[in-house]
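Participant: Under our numbering, residues 628 to 810 are what the sequence shown spells out, in order.
Ideal Cβ placement from N, Cα and C applies to all residues, glycine included.
The model shown is predicted, which means the values in this text are computed figures rather than measured ones.
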Amino acid sequence: MDQANQPLYWYVLRTRPRHEKVVRDQLYKQGIEPLLPTVRRLSQWKDRKKEIEVPLFSGYCFVRFGQTAKSAIQRVGGVVEIVGSGGRPEPIPDCEIENLKRLMSSVLPYDAHPYLQKGMMVEVVRGPLQGVRGILLRKDKRHRLVVGVKLIQQAAAVEIDARDVELVSSSFEARSEYGGPLT
628 MDQANQPLYW
638 YVLRTRPRHE
648 KVVRDQLYKQ
658 GIEPLLPTVR
668 RLSQWKDRKK
678 EIEVPLFSGY
688 CFVRFGQTAK
698 SAIQRVGGVV
708 EIVGSGGRPE
718 PIPDCEIENL
728 KRLMSSVLPY
738 DAHPYLQKGM
748 MVEVVRGPLQ
758 GVRGILLRKD
768 KRHRLVVGVK
778 LIQQAAAVEI
788 DARDVELVSS
798 SFEARSEYGG
808 PLT
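The structure is reproduced here in structure tokens:
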């Protein structure tokens, strides 16, 4: 079965330090769909400051492929492993990738955020992130939406108006997925 006739799933690649962009570019050249969320940061050198683009999740790159491409992906320079459990790659739910893509295409500033086990699962009901689900936090009288990738326990946070979100179906659903209610 060739790649074109296989179901394609999203996976996470763990990369060598500072090789995320190299991995992304090599995958793209091979016709394999990569996704590397990035953020702009101000970097300080001795003589100057410069704004640079860095990976949102250091040491990780996302890739969409079918089973026959697995060995080719593992041979890409800079790839350490395809993340999974028990020695087997574990696909990422499409909704988590779609959430990241929506975040990346929005005009809202976002940054990496520690992944949380507890919190209220919410869905954005209006605005540029409508339909995105994440955990709602409060920080210094402002609300933040945390969008996570469970498999690698990485997340991104964006400031949001709390009036633009609604609790996902029930607190039981949020508790069962994230370990408990926000305290």
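(1) At which residue ranges does the region 672-737 contain complete alpha helix (DSSP H) runs of 4 or more residues, listed in the order of the chain?
(2) Give the secondary structure of E804 by DSSP, where H, G and I count as helix, E and B as strand, and everything else as coil.
(3) Across which residues does DSSP place V749 in a beta bridge pair?
(4) In chain order, what residues of the same chain have a beta carbon less than 8 Å from the beta carbon of K728, not counting five sequence neighbours either side?
(5) Buried or exposed for W637, please, with buried defined as at least 16 other CB atoms from any protein chain shown within 10 angstroms of its CB.
(6) Which one or two residues does DSSP pair with Q781 in a beta bridge?
(7) Check whether the Cβ atoms of K777 and Y742 sit closer than 9 Å, and answer yes or no.
(8) Is it buried or exposed for G658, if we count other Cβ within 10 angstroms and need 16 for buried?
Facilitator: The relevant details are as follows:
(1) 697-701, 721-732
(2) Any reading at E804 must be qualified, since the residue scores a pLDDT of 42, below 50, and its modelled position is unreliable; no value is offered.
(3) G761, L794
(4) Sequence-distant partners of K728 (beyond 5 residues in either direction) whose C-beta falls short of 8 Å from its own C-beta, in its chain, are L662.
(5) buried
(6) V776
(7) yes
(8) exposed
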